[in-house]
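Only one structure is covered here, and it is reproduced in the block below.
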Amino acid sequence: MTSTNATAPAKLPAGDIPWNHYRMQKKLSDHIVDVIIWLLLAAIVVIITYPIWFILIASVSDQNAVNLGKVTLLPVGFNWDGYREIFADTRIWDGYRNTIVYSVVGTALNMLVTLPAAFALSRKELGKVRRVVLFFFSLTMFVSGGMIPTYLLFKSLGLVDNWLVFILPSAVNVYNLIIARSFFETAVPEELFDSAKVDGMSYGGYFLKIVLPLSSAVIAVVALYYFVAHWNEFFTGLMYINDDSRKPLQNVLQAILLSNQTGAEGSASLDAAAQQELADKIKYGVIFVSSLPLLVIYPFLQKYFNKGVLLGAVKG
Amino acid sequence: MSHKSNAPKNAAAAGMMSGEIPDNDAIKRSRPLPVRIMGHFRSYWQLWLMFIPAVVFVFIFHYIPLYGLQLAFRKNSRSGGFDGDWVGFKYFEQFFSSPNFVQTLTNTVRISLWSLVMGFFAPIILALLLNQLAGKKIKGFIQTITYMPHFISMVVIVTMLTIFLDPKSGFIGRVAGPDNLLNIEAWFTPLYWLSGIWQGMGWGSIIYLAALSGVDTSLYEAAKMDGASRLQLIRYVDIPTILPTSIILLIMDMGKVLNVGFEKVYLMQNPFNMQVSEVISTYTYKIGILSSQFSYATAIGLFNTVINLCFVLAANWIARRASDVSIF
Numbered sequence: 000m001t002s003t004n005a006t007a008p009a010k011l012p013a014g015d016i017p018w019n020h021y022r023m024q025k026k027l028s029d030h031i032v033d034v035i036i037w038l039l040l041a042a043i044v045v046i047i048t049y050p051i052w053f054i055l056i057a058s059v060s061d062q063n064a065v066n067l068g069k070v071t072l073l074p075v076g077f078n079w080d081g082y083r084e085i086f087a088d089t090r091i092w093d094g095y096r097n098t099i100v101y102s103v104v105g106t107a108l109n110m111l112v113t114l115p116a117a118f119a120l121s122r123k124e125l126g127k128v129r130r131v132v133l134f135f136f137s138l139t140m141f142v143s144g145g146m147i148p149t150y151l152l153f154k155s156l157g158l159v160d161n162w163l164v165f166i167l168p169s170a171v172n173v174y175n176l177i178i179a180r181s182f183f184e185t186a187v188p189e190e191l192f193d194s195a196k197v198d199g200m201s202y203g204g205y206f207l208k209i210v211l212p213l214s215s216a217v218i219a220v221v222a223l224y225y226f227v228a229h230w231n232e233f234f235t236g237l238m239y240i241n242d243d244s245r246k247p248l249q250n251v252l253q254a255i256l257l258s259n260q261t262g263a264e265g266s267a268s269l270d271a272a273a274q275q276e277l278a279d280k281i282k283y284g285v286i287f288v289s290s291l292p293l294l295v296i297y298p299f300l301q302k303y304f305n306k307g308v309l310l311g312a313v314k315g
Numbered sequence: 000m001s002h003k004s005n006a007p008k009n010a011a012a013a014g015m016m017s018g019e020i021p022d023n024d025a026i027k028r029s030r031p032l033p034v035r036i037m038g039h040f041r042s043y044w045q046l047w048l049m050f051i052p053a054v055v056f057v058f059i060f061h062y063i064p065l066y067g068l069q070l071a072f073r074k075n076s077r078s079g080g081f082d083g084d085w086v087g088f089k090y091f092e093q094f095f096s097s098p099n100f101v102q103t104l105t106n107t108v109r110i111s112l113w114s115l116v117m118g119f120f121a122p123i124i125l126a127l128l129l130n131q132l133a134g135k136k137i138k139g140f141i142q143t144i145t146y147m148p149h150f151i152s153m154v155v156i157v158t159m160l161t162i163f164l165d166p167k168s169g170f171i172g173r174v175a176g177p178d179n180l181l182n183i184e185a186w187f188t189p190l191y192w193l194s195g196i197w198q199g200m201g202w203g204s205i206i207y208l209a210a211l212s213g214v215d216t217s218l219y220e221a222a223k224m225d226g227a228s229r230l231q232l233i234r235y236v237d238i239p240t241i242l243p244t245s246i247i248l249l250i251m252d253m254g255k256v257l258n259v260g261f262e263k264v265y266l267m268q269n270p271f272n273m274q275v276s277e278v279i280s281t282y283t284y285k286i287g288i289l290s291s292q293f294s295y296a297t298a299i300g301l302f303n304t305v306i307n308l309c310f311v312l313a314a315n316w317i318a319r320r321a322s323d324v325s326i327f
């Protein structure tokens with residue numbers, strides 16, 4: 000008898016089929032299911048990666064080849080012209096700089112406001128206060144003033160054409176707050192609180208010296224969520240920013256990419272055609288350049304995603 | 000509350016003033032209310048200090064706009080102030096009787112129901128497939144790939160869509176015929192939810208994978224002993240496992256039925272597809288922001304919020320009746 004069989008037969012009812020025998024019987028159908036699963040997953044992977052791969056190879060290919068559909072799997076007529084144009088385009092770099100500033104400052108404020116609040120609301124000693132404040136936050140997920148009252152408020156606060164519109168209104172995201180709160184509640188052992196109490200620590204000291212160092216997982220996830228939201232923000236720029244020099248990257252992109260589409264139909268002169276070709280060329284590279292930072296960051300934080308999403312689902 | 004039950008009361012009282020973490024058994028005694036409130040603040044002022052900034056931000060930017068909802072019942076003023084005369088439900092009646100009402104409402108419901116239903120099943124299917132993989136590395140690799148589109152901005156997604164659908168140069172557009180699919184009314188909704196699945200499927204599967212990873216493996220063993228095939232394992236073990244999660248997510252999604260993402264629709268709109276692509280939020284934007292009819296637009300927005308709330312409550316009620324799972 001092998002070691003695997005040593006314990007198994009004891010659990011089996013008399014006359015049942017031993018495990019290995021069962022495996023051999025089921026092998027064929029299991030293999031068919033295996034093949035189908037692999038084919039489906041392979042199809043999904045191809046469907047998700049090909050569009051991104053296409054943008055990448057089109058950005059370094061000869062534009063005529065792209066337009067004629069000759070670019071399919073590898074770059075054709077490899078060149079860096081598109082990227083050279085992008086590097087020379089001040090609109091894109093202004094937008095890039097703005098987005099970096101808004102995202103970094105915005106995320107810093109997000110963390111500064113969200114984490115302490117989440118910690119405070121994870122403390123059960125607050126009793127009724129805690130429930131009232133949590134309800135106060137959660138209600139905003141279902142009831143809102145809507146686009147126009149919000150716009151008029153922001154206007155009267157002087158947030159139109161003001162970069163703070165990217166920072167202040169989004170300082171707290173209730174969903175992220177709930178994630179952080181659930182983490183502090185479930186993942187930080189209560190014994191630590193007891194010993195901190197014995198040591199005569201204040202709540203602030205306990206939070207800064209004990210809770211935060213243990214919470215790198217949730218800090219990473221929440222910071223990433225906030226950063227992604229800032230980086231991809233388009234609506235705020237559309238609503239509140241008219242001054243071109245303050246527009247974030249996404250709104251600059253929209254201006255470039257949409258103006259290409261509509262401007263192309265006007266004249267048919269050679270000059271316009273050349274202009275259009277260049278614009279088309281920038282298009283691919285600009286997509287890649289604008290998405291790159293996030294696509295580089297997220298795989299490093301992937302191991303925390305499960306935790307983050309699960310904690311968000313465990314609602315109060 | 001178990002942690003403080005065995006701490007000596009006098010020690011807690013001594014630490015109270017110095018900002019140390021107190022034991023609130025001491026203040027729980029039946030003393031007059033003002034004294035108890037003072038005691039509460041003396042013990043927990045640091046916690047208050049920690050959540051007050053968040054409360055202030057949420058109050059200013061989410062609650063004060065609620066006060067502005069009265070605009071929906073006041074005569075429009077170009078400045079957006081609250082000085083217009085009270086007109087009751089005039090703007091609601093104006094909206095309900097305008098041809099745009101039926102059009103924007105049906106467009107909104109059609110687009111969101113399609114993406115809700117399709118976007119609900121796609122992540123579940125992906126999670127069930129990924130859960131069948133034994134190798135941790137390959138599973139992680141496929142997850143990394145499928146998460147990628149989640150991090151791409153809406154502007155870029157829509158731009159990619161226009162590039163691929165271009166009849167001359169796009170790899171979809173070339174085989175799809177002479178017209179750009181984005182200009183064809185019948186294709187707007189499918190393009191909307193298909194690209195939505197492309198972007199959201201991987202990210203949406205995380206929560207189901209987490210639920211599936213919690214399945215007791217002895218359950219699989221027992222089912223295999225009974226001669227269950229792999230498909231039966233999925234049907235009788237995996238799917239029941241993720242059912243509660245999926246119902247909760249469905250309820251949450253129902254609350255957004257009239258909240259079709261403004262950005263994506265706005266970016267996909269063009270003069271050719273406007274008949275099927277004008278939704279409530281884009282219409283509100285055009286009426287309110289672009290032509291300054293603040294009161295009318297506020298009324299439309301309020302109507303939207305109320306319907307959303309009804310949808311959440313209804314979905315919650317149905318789910319509770321049917322399966323004992325609910326969020327309220």
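Protein chains in written order, with numbering that gives the first Met the number 0: chain W, 0 to 315; chain B, 0 to 327.
Just so it is clear, CB atoms sit at the ideal spot from N, CA and C, and this is done for glycine as well.
Taking 7 Å as the cut-off, is the CB of Asp29 (chain W) close to at least one heavy atom of the ligand GTP?
For the structure depicted, the ligand GTP is absent and the ligand set is empty, with no information on it obtainable.
Distance cutoff 8 Å, beta carbons only. Does Asp61 (chain W) sit that close to anything in chain B?
No, Asp61 (chain W) lies away from the interface with chain B (no Cβ there is under 8 Å from its Cβ).
With 16 as the cutoff for other CB atoms within 10 Å, does Glu232 (chain W) come out buried or exposed?
Under this definition Glu232 (chain W) is a buried residue.
Is the beta carbon of Leu232 (chain B) sitting closer than 8 Å to the one on Ala221 (chain B)?
Going by C-beta atoms, Leu232 (chain B) is not nearer than 8 Å to Ala221 (chain B).
From the DSSP output, which residues share a beta bridge with Trp85 (chain B)?
According to DSSP, Trp85 (chain B) bridges with B:Arg73.
State the Cα-Cα distance for the pair Ile288 (chain B) and Pro148 (chain W), rounded to the nearest angstrom.
Spanning the two alpha carbons is a distance of roughly 11 Å.
To the nearest angstrom, how far is it from the Cα of Trp230 (chain W) to the Cα of Arg234 (chain B)?
Trp230 (chain W) and Arg234 (chain B): Cα-Cα distance of roughly 40 Å.
If we count the other Cβ atoms within 10 Å of its Cβ and call it buried at 16 or more, is Ser327 (chain W) buried or exposed?
Summary: the structure shown does not reach residue 327 (chain W), with chain W confined to residues 0 through 315, and so no result is reported for it.
Any residues in the region 139 to 158 of chain W with a beta carbon nearer than 9 Å to a beta carbon of chain B? Which ones, in chain order?
Answer in chain order: Thr139, Met140, Phe141, Val142, Ser143, Gly144, Gly145, Met146, Ile147, Pro148, Thr149, Tyr150, Leu151, Leu152, Phe153, Lys154, Ser155 and Leu156.
Shorter than 8 Å from the beta carbon of Arg73 (chain B) to some beta carbon of chain W?
With 8 Å as the cut-off, Arg73 (chain B) does not count as an interface residue toward chain W.
From what residue to what residue does the alpha helix (DSSP H) around Arg335 (chain B) run?
With chain B represented from 0 up to 327, any question about residue 335 (chain B) goes unanswered, as that position is not in the structure.
Going by the beta-carbon positions, is the gap between Asn161 (chain W) and Tyr224 (chain W) smaller than 8 Å?
Taking 8 Å as the Cβ cut-off, Asn161 (chain W) and Tyr224 (chain W) do not qualify as a contacting pair.
Is any beta-carbon of chain B found at less than 8 Å from that of Arg180 (chain W)?
Chain B contact via Cβ: absent.
Short of 8 Å Cβ to Cβ, which residues in the region 111 to 139 of chain B face chain W?
Going along the region 111 to 139 of chain B in chain order, one finds Leu125, Leu128, Leu129, Gln131, Leu132 and Gly139 with a Cβ nearer than 8 Å to chain W.
Would you kindly report the start and end of the unbroken alpha helix (DSSP H) that includes Pro115 (chain W)?
Per DSSP, Pro115 (chain W) belongs to the alpha helix (DSSP H) from Thr89 to Ser121.
Round the Cβ separation of Val157 (chain B) and Met267 (chain B) to the nearest angstrom and send it over; I've been treating them as touching at under 8 Å.
Right, their Cβ atoms sit about 6 Å apart.
As an exercise, report each continuous alpha helix (DSSP H) stretch of at least 4 residues that is fully enclosed by the region 38 to 69 of chain W, in chain order.
Counting only runs of 4 or more, we get 62 to 66.
In whole angstroms, what is the alpha-carbon distance linking Asp193 (chain W) and Gly199 (chain W)?
Straight-line Cα distance between these residues: approximately 10 Å.
In the structure shown, what three-state DSSP assignment does Leu156 (chain W) receive?
In the structure shown, Leu156 (chain W) sits in coil (DSSP, three-state: anything other than H, G, I, E or B).
Taking CB distances under 8 Å as the criterion, tell me whether Asn303 (chain B) reaches chain W.
Taking Cβ atoms only, chain W reaches closer than 8 Å to Asn303 (chain B), which makes this a yes.
For chain B, is any of its Cβ atoms less than 8 Å away from the one on Thr98 (chain W)?
No, Thr98 (chain W) lies away from the interface with chain B (no Cβ there is under 8 Å from its Cβ).
Taking only beta-carbon atoms, is Gly199 (chain B) less than 8 Å away from chain W?
Answer no: the Cβ-Cβ gap between Gly199 (chain B) and chain W never drops below 8 Å.
Tell me which residue opens and which closes the alpha helix (DSSP H) that Ala228 (chain W) is part of.
That run of the alpha helix (DSSP H) goes Ser215 to Trp230.
With a cut-off of 8 Å, does the C-beta of Leu46 (chain B) fall near any C-beta of chain W?
Cβ-Cβ to chain W under 8 Å: yes for Leu46 (chain B).
Using three-state DSSP, classify Thr71 (chain W) as helix, strand or coil.
Coil, per DSSP.
Along the region 154 to 167 of chain B, where does the CB come closer than 8 Å to a CB of chain W? Name the residues.
Taking 8 Å as the Cβ-Cβ cut-off against chain W, the residues of the region 154 to 167 of chain B that qualify are Val154, Val155, Thr158, Met159, Thr161, Ile162, Phe163 and Lys167.
Can you give the Cα-Cα distance for Gln102 (chain B) and Ile183 (chain B), rounded to whole angstroms?
Cα-Cα distance, rounded: 17 Å.
For chain W, check one thing: does any of its Cβ atoms lie closer than 8 Å to the Cβ of Met37 (chain B)?
No, Met37 (chain B) does not count as interfacial toward chain W.
For Gly195 (chain B), I'd like the list of residues in its chain whose CB is within less than 6 Å of its CB, leaving aside the five on either flank, ordered along the chain.
Result list for Gly195 (chain B): Ser114 and Gly118, in chain order.
Can you look up Asn106 (chain B) in the DSSP assignment and give me helix, strand or coil?
Helix at Asn106 (chain B).
Is the shortest distance between the beta-carbon of Glu124 (chain W) and the beta-carbons of chain B less than 8 Å?
Glu124 (chain W) counts as touching chain B.
Any beta carbon from chain W within less than 8 Å of Gly79 (chain B)'s own beta carbon?
Taking Cβ atoms only, chain W reaches closer than 8 Å to Gly79 (chain B), which makes this a yes.
Take the Cβ of Gln274 (chain B) as the centre, count every other Cβ of all protein chains shown within 10 Å, and call the residue buried at 16 or more, exposed below.
When all chains shown are included, Gln274 (chain B) counts as exposed.
Since Ile173 (chain B) is in the alpha helix (DSSP H), which residue starts that stretch and which ends it?
Reading off the sequence shown, one finds Arg at residue 173 (chain B), where the question assumed Ile. Looking at the DSSP string, the run of the alpha helix (DSSP H) that includes Arg173 (chain B) is Gly172 to Ala175.
In chain order, what residues of the same chain have a beta carbon less than 7 Å from the beta carbon of Ile123 (chain B), not counting five sequence neighbours either side?
Excluding residues within five positions, the ones whose Cβ falls inside 7 Å are Tyr207, Ile241 and Ser245.
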